[in-house]
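Peer 1:
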């Protein structure tokens, strides 16, 4: 081309940009079409290529082509996703900008004459796009907008303002009965005090270090633990440190998968003894340590600490500790790791531990043990691999290797004499071709044991032959339900798969139906699948399968890539088996509900939860095709699964920009009326302020890890979202009432208590971050309260 016919720079640059984008869309669109996906991207690429040539040649005909591209994109987008703003935006934004660019004076004047009609078409396409965008802002496809009926007397039902167990009480309801903080005054909450633990990640710590602790309030003190298992007692009114106990765990091991402490347990021996014990040994124990903290350590012990002084209770176990490694055979440091607090009952301490997920088939036993609450003597052991033999094993014998474990928190009904275990899965979680026959019935199940003997009283399994890591992560919640037949003592189990199983806690029979339904088949070589799974009628599982048009991104480019990836993976809905092709696991193995569980107001008969929706990919690799010697230090990435034919790569389904491929919302707050078992409200929860490249608080609804609490005043609190906020919600409607910025990630469950000195109600949460989720790390325990004189007159403690 001669200099006289060479296009102006602005046209050359514009044409080159259009041509580059055209090549990207043509190439990607061809791959997507070959995978039986949408033809749109290939058509759009061809249109861009035509527009590029016309712009390069200075032809006004580029304008109607650009208008047609924008008109067609808008029409196609509305056909795919209707008027959903956050789905429409990334489909249209680039095309809107490209069309508008052609109308700028320094481009338009070079496009030749006779283009007025084309310009009008472009203006029309821009106007249509703007109208669709503005209209979509007025629609909401993701909210259930309802209101819980006023019901009962919601004032405090207990004379205590304490929070004496991980879930508030041994029933695990996460309910604080105090009613000072109400929907009307919660906006006045102010920061009362902040305490810094001083415990931070060290050089040898794993990637998954997290501050997931929920403190206790008992004995006139707050008790909490840190990721490295330091136990701290604080003054509840000022946050002043009273004492600190450091077990000095071994931090040099490279085999820790987690460095987490979710909480400690409290026991008042003098109060539960019913007077002075007749047994001299027990009496001496009570006299020496009448009030105790039982705390787990990452190197597999449970330590007993004087709750008054912070000194070890030396009569307990061996010099104040019981060793969970006894009887489990060989165990590398960090592989057996109790991340959750033990369960305290009047006479028995129930303890278990997590193991390293997806590492090998030769893991420590998942045995759950009952110890004498005063002496630490082993009373019984329940090993899911040998479930009938609960008498303590004699010296020299070991528990069954690799039997299913309980890594979360148990609940108890001492009137019924039962402890309820939320069971994990036999590891490796993703391939189960050689699992223990006895253990199969206890994987991903709720198991009720006799507190005194450890004998199984009943079992309900939520997933048969679980090869998706859909175990029961949340503490079971015990509540007496109002039904047409009167009060029913119930247990509600939240699960990763999203189903809520409502059982009669006396015998494990279903209160809400959960019929068996067929599921996808075709497990990996050497494995099998159950033909059916139980699906509860009360469920937050995704309402439908993911489809190609559910793939998302910030632009059409990463959305196209996500579609290509989606069409290249195996996916037949929930319970699609893991595969060498790579399978979509949706809900993902982080779970709809995880260890945060749900919160229940037993007076209002309402359940509050924070369901999440994130798709994961589970891709198996034959062991002879890949070299993997150890895990990733978290539960994501390439996991060895030594002893099976495969390693597995587990990761969220993300775009090239690290954005979820699956369209938002990814996280909600919700409530269920437990008298009707119907969802009352459901609202998007959280913003992308702390997880997007730019700190813009777009209210997409983000994932959360942790759980909510509810209070007698009708307010729910939750801090677990990926943005660093503590938020308050109206229990009746779900409306957000208040929020405050936290100094770090709040991936923990809050708690609430009433001061013994002032009668003031506090809300407390750990803001310490989560290593695996990438939230800001910190060491702040933060307390909020109403200003003096703001509580309603006559509010009960």
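Residue numbers (the working numbering): 3 to 799. Think of the CB as a built atom: it goes at the ideal place given N, C-alpha and C, for glycine as much as any other residue. Remember, it's a predicted structure, so these values are computed and weren't measured experimentally.
Using 8 Å as the cut-off, can you tell me whether the stretch 515–527 makes contact with the stretch 694–703, which would need three or more C-beta pairs spanning the two stretches below that distance?
Peer 2: These segments do not touch.
Peer 1: Cα separation between residue 480 and residue 507?
Peer 2: Those two C-alpha atoms are separated by around 8 Å.
Peer 1: With burial defined as no fewer than 16 other Cβ atoms inside 10 Å of the residue's Cβ, what is the status of residue 252: buried or exposed?
Peer 2: Under this definition residue 252 is an exposed residue.
Peer 1: With the cut-off set at 8 Å, would you say residue 170 and residue 178 are in Cβ contact?
Peer 2: Result yes, Cβ atoms of residue 170 and residue 178 sit closer than 8 Å.
Peer 1: What are the partner residues of residue 518, as DSSP defines its beta bridges?
Peer 2: In the DSSP output, where bridge partners are listed per residue, residue 518 has 536.
Peer 1: Can you check which of these residues, 455, 474, 436 and 150, is closest to residue 462 by C-alpha distance?
Peer 2: Residue 462 has its Cα closest to that of 474, out of 455, 474, 436 and 150.
Peer 1: Can you name, in chain order, every residue of its own chain whose Cβ lies under 6 Å from the Cβ of residue 666, other than the five neighbours on each side?
Peer 2: Taken in chain order, the residues that qualify are 88, 702 and 703.
Peer 1: By a C-beta neighbour count over all protein chains shown, 10 Å radius and 16 as the cutoff for buried, is residue 657 buried or exposed?
Peer 2: Label assigned to residue 657: buried.
Peer 1: For the alpha helix (DSSP H) containing residue 93, list its first residue and its last residue.
Peer 2: Residue 93 -> alpha helix (DSSP H) spans 87–104.
Peer 1: Residue 243 bridges to which residues according to DSSP?
Peer 2: DSSP output for residue 243 lists 236 as bridge partner(s).
Peer 1: Between residue 518 and the rest of its own chain, which residues show a CB-CB distance below 6 Å, the 5 nearest in sequence each way excluded?
Peer 2: Excluding positions up to five away in sequence, the list reads 534 and 536.
Peer 1: Quick one: what's got a C-beta closer than 7 Å to residue 772's C-beta in the same chain, skipping five residues either side?
Peer 2: Taken in chain order, the residues that qualify are 212, 707, 747 and 749.
Peer 1: Are the CB atoms of residue 444 and residue 472 nearer to each other than 8 Å?
Peer 2: Taking 8 Å as the Cβ cut-off, residue 444 and residue 472 do not qualify as a contacting pair.
Peer 1: Which of the three DSSP states is assigned to residue 551 in this structure?
Peer 2: Helix at residue 551.
Peer 1: Using 8 Å as the threshold, is the C-beta distance between residue 176 and residue 599 below it?
Peer 2: Contact flag set, yes.
Peer 1: State the DSSP-derived secondary structure class of residue 191, mapped to helix, strand or coil.
Peer 2: Looking at residue 191 - three-state DSSP - the assignment turns out to be coil, as it is neither helix nor strand.
Peer 1: Rounded to whole angstroms, what is the Cα-Cα separation between residue 784 and residue 715?
Peer 2: Roughly 21 Å separates the two Cα atoms.
Peer 1: Where does residue 429 land, buried or exposed, given buried means 16+ other C-beta within 10 angstroms?
Peer 2: By the 10 Å Cβ count, residue 429 comes out buried.
Peer 1: Check whether the stretch 559–570 touches the stretch 432–442, counting contact only when three or more Cβ pairs, one atom from each stretch, lie closer than 8 Å.
Peer 2: Segments in contact, no.
Peer 1: To the nearest angstrom, how far is it from the Cα of residue 137 to the Cα of residue 81?
Peer 2: Each residue's alpha carbon lies about 15 Å from the other.
Peer 1: Tell me the residue span of the beta strand (DSSP E) that contains residue 585.
Peer 2: Residues 585–587.
Peer 1: Please report how far the alpha carbon of residue 796 lies from the alpha carbon of residue 711, in whole angstroms.
Peer 2: Confidence is the limiting factor: at residue 796 the pLDDT is only 47, short of 50, which leaves the residue's position unreliable and the question unanswerable from this model.
Peer 1: Compare the C-alpha of residue 788 against each of 188, 112, 52 and 140 and name the closest.
Peer 2: The candidate whose alpha carbon is nearest that of residue 788 is 188.
Peer 1: Assign residue 258 to one of three DSSP states: helix, strand, or coil.
Peer 2: The answer is coil: DSSP assigns residue 258 none of H, G, I, E or B.
Peer 1: Determine the extent of the alpha helix (DSSP H) in which residue 43 is found, giving its start and end residues.
Peer 2: Looking at the DSSP string, the run of the alpha helix (DSSP H) that includes residue 43 is 42–58.
Peer 1: Rounding to the nearest angstrom, what Cα-Cα distance links residue 467 and residue 497 in this structure?
Peer 2: In a straight line, the C-alpha of residue 467 is about 15 Å away from that of residue 497.
Peer 1: Verify whether the separation of the beta carbon atoms of residue 594 and residue 615 is less than 8 Å.
Peer 2: It is a contact, given that the beta carbons lie within the stated cut-off.
Peer 1: Go through its chain and collect everything with a Cβ distance to residue 184's Cβ below 7 Å, but skip five positions before and after it.
Peer 2: Only 715, 716, 717 and 794 meet the Cβ criterion.
Peer 1: Have a look at residue 131 and residue 58 and give me their C-alpha separation to the nearest angstrom.
Peer 2: Approximately 26 Å, taken between the alpha carbons.
Peer 1: Can you check DSSP and say which residues form a bridge with residue 671?
Peer 2: Residue 671 pairs with 685.
Peer 1: Note the first and the last residue of the continuous alpha helix (DSSP H) segment covering residue 561.
Peer 2: Segment 558–569, the alpha helix (DSSP H) holding residue 561.
Peer 1: Using the Cα positions of residue 624 and residue 649, report the straight-line distance between them to the nearest angstrom.
Peer 2: If you take the alpha carbons of residue 624 and residue 649, they lie about 6 Å apart.
Peer 1: Given a cut-off of 8 Å on the beta-carbon distance, is the pair residue 465 and residue 408 in contact?
Peer 2: No.
Peer 1: Using a Cβ distance threshold of 8 Å, determine whether the stretch 572–587 contacts the stretch 604–614, with at least three qualifying pairs required.
Peer 2: Contact fails: fewer than three Cβ-Cβ distances are below 8 Å.
Peer 1: For residue 263 versus residue 330, is the C-beta spacing smaller than 8 Å?
Peer 2: Against a cut-off of 8 Å, the Cβ pair of residue 330 and residue 263 comes out as no contact.
Peer 1: In whole angstroms, what is the alpha-carbon distance linking residue 44 and residue 724?
Peer 2: Each residue's Cα considered, the two are about 36 Å apart.
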